[in-house]
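Let me begin by presenting the structure, written as structure tokens, before commenting on it.
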Amino acid sequence: MVLGTMVAPPIVGAMKPLANGTTTLTWEGPGEPVTEEIEVTGAKKDATVTVRWAGGEFTDEISRYTAETTRGLVLLFPFQPDRRSFRFYEPASDAQGTVDYVGPSEIDGLKTYTYHGLIDGTEHTLEVEHRTGTLLRATRETPDGVYSLDNATQAAQLDAAHDRVRVLKLLQFLAWLGKFIAFIAAAVGVVIFARR
49 MVLGTMVAPP IVGAMKPLAN GTTTLTWEGP GEPVTEEIEV TGAKKDATVT
99 VRWAGGEFTD EISRYTAETT RGLVLLFPFQ PDRRSFRFYE PASDAQGTVD
149 YVGPSEIDGL KTYTYHGLID GTEHTLEVEH RTGTLLRATR ETPDGVYSLD
199 NATQAAQLDA AHDRVRVLKL LQFLAWLGKF IAFIAAAVGV VIFARR
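All residue numbers for the sequence shown refer to our numbering, where the first residue is 49 and numbers rise by one.
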């Protein structure tokens with residue numbers, strides 16, 4: 049019982065907020081690849097996100113739990129994202145809009161949620177791992193052509209999601225094991241009590 053109720057909550061609780069760090073996304077499309085760097089910094093309550101791209105930089109406050117800036121999500125999703133619409137912000141074009149949940153899918157054995165939205169003439173399709181909120185695939189359909197995350201970025205995002213899901217599955221197993229041991233202990237206690 050201790051395994052499931054004492055160990056799992058602090059670990060899962062530590063996984064929920066956005067951690068400080070940098071996520072680099074490289075987009076392939078017509079012309080040269082485009083790289084975006086999304087950096088989360090700051091203390092636990094006063095987090096800041098900085099999005100850098102070849103043409104500039106955007107900095108704003110970000111909620112570590114909802115992953116929202118004052119203008120919306122910036123390609124970071126919260127832990128266990130909801131199946132709903134999210135406000136979305138595209139810093140490079142300074143455009144705001146909404147990405148809507150359109151359904152479930154699966155990538156490399158991981159269940160994902162797919163979101164789609166039209167923001168300032170650009171169609172965004174985002175596939176997000178449903179437990180961890182890790183962005184696994186994304187495309188932007190612009191008047192100039194289609195941009196999508198390159199293979200190296202997708203592989204790195206997929207590895208990160210698999211690692212986090214493995215930890216969650218281990219914790220799930222430990223919780224089940226704790227309940228099973230508690231049940232066996234209770235059954236043995238009843239048998240011992242009945243034999244007296």
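C-beta atoms are modelled at their ideal positions from N, C-alpha and C, and glycine is treated no differently. These numbers come from a predicted model, not from an experiment.
Going by beta carbon distance, what residues of the same chain come within less than 7 Å of residue i, once the five residues before and after it are set aside?
{"i": "T114", "result": "P126"}
{"i": "R185", "result": "I155, E175, L197, Q202"}
{"i": "A234", "result": "none"}
{"i": "Y161", "result": "P129, R131, Y149, P152, V176, H178"}
{"i": "F231", "result": "none"}
{"i": "T117", "result": "V97, D108, E109, I110, Y137"}
Write down the C-beta distance between residue i and residue j rounded to the nearest angstrom, noting that I regard them as a contact closer than 8 Å.
{"i": "Y195", "j": "T182", "result": "Not a contact, Cβ separation roughly 19 Å."}
{"i": "P81", "j": "T74", "result": "5 Å"}
{"i": "L123", "j": "V88", "result": "The pair is not a contact, with the Cβ atoms about 12 Å apart (cut-off 8 Å)."}
{"i": "D207", "j": "P78", "result": "Incorrect: roughly 28 Å between the Cβ atoms, too far for contact."}
{"i": "G200", "j": "L158", "result": "A small fix is needed here, since residue 200 is Ala in this sequence, not Gly. Between L158 and A200 the Cβ distance is about 18 Å, and since that is not below 8 Å, they are no contact."}
{"i": "W101", "j": "E84", "result": "5 Å"}
Terminal residues of the continuous alpha helix (DSSP H) containing residue i?
{"i": "H210", "result": "199 to 243"}
If I follow the unbroken beta strand (DSSP E) through residue i, where does it start and stop?
{"i": "F136", "result": "134 to 138"}
{"i": "Q144", "result": "143 to 155"}
{"i": "R185", "result": "183 to 190"}
{"i": "G165", "result": "158 to 167"}
{"i": "L174", "result": "170 to 177"}
Classify residue i as helix, strand or coil using the three-state DSSP reduction.
{"i": "R108", "result": "In the sequence as presented, Arg is not what sits at residue 108; that position holds Asp. Note: D108 maps to strand in three-state DSSP."}
{"i": "K93", "result": "coil"}
{"i": "E76", "result": "strand"}
{"i": "T70", "result": "strand"}
{"i": "Y195", "result": "strand"}
{"i": "L121", "result": "strand"}
{"i": "T114", "result": "coil"}
{"i": "R249", "result": "Because the chain spans 49 through 244 in this model, residue 249 falls outside it and cannot be assessed."}
{"i": "T180", "result": "coil"}
{"i": "V50", "result": "With a pLDDT of only 49 at V50, under 50, the local geometry of the prediction cannot be trusted, and no value is derived from it."}
Give every residue of the same chain whose Cβ lies closer than 6 Å to the Cβ of residue i, excluding the five residues on either side of it in the sequence, and list them in chain order.
{"i": "S141", "result": "D168"}
{"i": "T173", "result": "H164, T187"}
**Asked** Contact between the segment 128 to 148 and the segment 88 to 96: three or more CB pairs below 8 Å?
**Response** Too few Cβ pairs lie closer than 8 Å, so no.
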